[in-house]
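I have placed the structure first, in the form of structure tokens, so that the comments after it can refer back to it.
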Amino acid sequence: MSTTIPATVRNYAIDDFTNHFLANYPVHCELRKSPLHQQLLHAHNGYEFYFVLQGTGSYIAGDQLYPLHAGTLTVIQPGVIHRPYHMLDQDFHRYVLSIDESYMESIHTLCRTTDLSISGFLQAIHPESSHHFLSVQQLDQLQMLLAELEQTLKDKKQHFELNVLKCLAEFFLLLLGLHHDVASSHRSEDEQLIGNVLSYLIARYQEDLHVDDLLELYPISRSRLFNLFKETTGSTMKQFLSDYRLNKAKRLLAETDLPVTEVAAATGFGDISHFFSVFKKSTALTPKQYRKETVNSARN
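Residue numbers 4 to 303, in this note's numbering, belong to the letters of the sequence shown in order.
Right under this line is the structure:
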């Protein structure tokens, strides 16, 4: 969803910080958890991909105003005036991926047998920016992917540039599969409300959550909340939370040696029998079988 905003103030800053690190290396990826300090509208070289993990706010990009919440991915074209904003009373976690224009075009030259042009694809959606909403699975996938890219760029081990290309290829394949948000402007308040609900659920997925807690926070009826959530996200609130917890559980099973009971507790499944039931229904495997298959697959 985007809303056209009035002409903005002409004063804006050139973001020399972004320009500097793109001049040193054409790809930069960073997880940021600190409050936003950039108060002015600003512009810089390169493409910016702004992926929100937690918190809510808004993003001015050219003449567009986009809602920000967990699972939104905002794409800003080079040189476009923009400014993100978030609610200061909330934690705000986001990945910022910046890519130099010439590097983007070099990816195009690698795909000589196809008509693939990432920059052309982004321009076709909107000449200045685009806004996307990710599913639970896409959110978790992109978070892992950008974490890998950030670490690769920090370590700069031998042949790291090949891994950078691999990460970017996976990123653009995901991006090409997303649908541009073309919802009409009258849904902005609804989108923002569901964004708040999503952030609430994701921030507290390890807890025993109750719908009544949400109804105390937001002036909406139970039936309206359920219907609006399904309409906006494509899944019920119960399914969203279950999927999110399952994704977190799979990561802990694959990446740690935590006992299954601790994995269940750490991901919000208070009842171990319920965890086994939900996990097997989703994967056709028990948690231990899933861990064993994942480990064996990684070794091969």
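All residues carry an ideal CB built from backbone N, CA and C; glycine is no exception. It should be emphasised that the depicted structure is a prediction, and the values quoted were computed from it without experimental measurement.
Within 10 angstroms of its Cβ, does Lys253 collect 16 or more other Cβ (buried), or is it exposed?
Residue mapping note: residue 253 aligns to position 250 of the sequence shown, counting from 1. That one is buried.
Go to Tyr247, then tell me how far its alpha helix (DSSP H) extends in each direction, as first and last residue.
One-based indexing of the sequence shown puts residue 247 at position 244. Judged by DSSP secondary structure, Tyr247 falls within the alpha helix (DSSP H) whose first and last residues are Met240 to Glu258.
So, under 8 angstroms CB-CB, Tyr53 and Val99 are touching, yes? Tell me the CB distance rounded to an integer number of Å.
Here residue 53 corresponds to residue number 50 of the sequence shown, with the count starting at 1. Here residue 99 corresponds to residue number 96 of the sequence shown, with the count starting at 1. That pair is a contact at about 6 angstroms.
How would you call Phe174, buried or exposed, if buried means at least 16 neighbouring beta carbons within 10 angstroms?
Within the sequence shown, numbered from 1, the residue matching residue 174 stands at position 171. By the 10 Å Cβ count, Phe174 comes out buried.
Looking at the structure shown, is Arg294 part of a helix, part of a strand, or coil, going by DSSP?
Taking the first residue of the sequence shown as 1, we reach residue 294 at position 291. If DSSP states are grouped into helix, strand and coil, Arg294 belongs with the helices.
Measure the alpha-carbon distance for Pro29 versus Leu176 and round it to whole angstroms.
Residue 29 sits at position 26 when you count from the first residue of the sequence shown. Residue 176 sits at position 173 when you count from the first residue of the sequence shown. If you take the alpha carbons of Pro29 and Leu176, they lie about 20 angstroms apart.
Please state the DSSP three-state secondary structure of Thr155.
As a position in the sequence shown, residue 155 is number 152, starting the count at 1. Helix at Thr155.
I need the boundaries of the alpha helix (DSSP H) containing Val83, first residue and last residue.
Within the sequence shown, numbered from 1, the residue matching residue 83 stands at position 80. Taken as a continuous stretch (DSSP letters only), Val83 belongs to no alpha helix (DSSP H), as it is neither H nor E.
Once DSSP output is grouped into helix, strand and coil, what is the label at Ser37?
Position 34 of the sequence shown holds residue 37. Ser37: coil per DSSP, three-state reduction.
Compute the Euclidean distance between the alpha carbons of Leu91 and Pro38, then round it to the nearest angstrom.
Position 88 of the sequence shown, counted from the first residue, corresponds to residue 91. Position 35 of the sequence shown, counted from the first residue, corresponds to residue 38. Cα-Cα distance, rounded: 7 angstroms.
Who are the near neighbours of Leu171 in its chain, counting only those whose CB is closer than 6 angstroms to its CB and skipping five residues on each side?
Looking up residue 171 in the sequence shown gives position 168. Hits under 6 angstroms: none found.
Tyr106 lies in the alpha helix (DSSP H); which residues open and close that run?
As a first step, residue 106 is located in the sequence shown; it is residue number 103 there, counting from the start. From DSSP, the alpha helix (DSSP H) with Tyr106 extends over Glu104 to Leu113.
When we look at the beta-carbon of Ser202 and count the other beta-carbons within 10 Å, is it buried (16 or more) or exposed?
Counting from one through the sequence shown, the residue named residue 202 turns up at place 199. Ser202 is buried by the Cβ-count criterion.
Based on DSSP bridge pairs, tell me the residues matched to Pro70.
As a first step, residue 70 is located in the sequence shown; it is residue number 67 there, counting from the start. Paired residues: Ser61.
Put Phe174 into one of helix, strand or coil per three-state DSSP.
Against the sequence shown, residue 174 aligns to sequence position 171. Three-state result, Phe174: helix.
DSSP on Ala287, reduced to helix/strand/coil?
The sequence position of residue 287 within the sequence shown is 284, counting from 1. It is coil, neither helix nor strand.
Does the segment 264-278 come within contact of the segment 203-215, defined as at least 3 CB pairs closer than 8 angstroms?
With the rule of 3 Cβ pairs closer than 8 angstroms, the segment 264-278 counts as touching the segment 203-215.
State yes or no: is the C-beta of Phe24 within less than 9 angstroms of the C-beta of Val55?
Here residue 24 refers to the residue found at position 21 when the sequence shown is read from its first residue. Here residue 55 refers to the residue found at position 52 when the sequence shown is read from its first residue. Their beta carbons are not under 9 angstroms apart, which means Phe24 does not touch Val55 by this criterion.
Starting from the C-beta of Ala257, find all residues in its chain whose C-beta is less than 6 angstroms away, skip the five residues before and the five after it, and write them out in chain order.
In the sequence shown, the residue the question calls residue 257 occupies position 254. Taken in chain order, the residues that qualify are Thr297.
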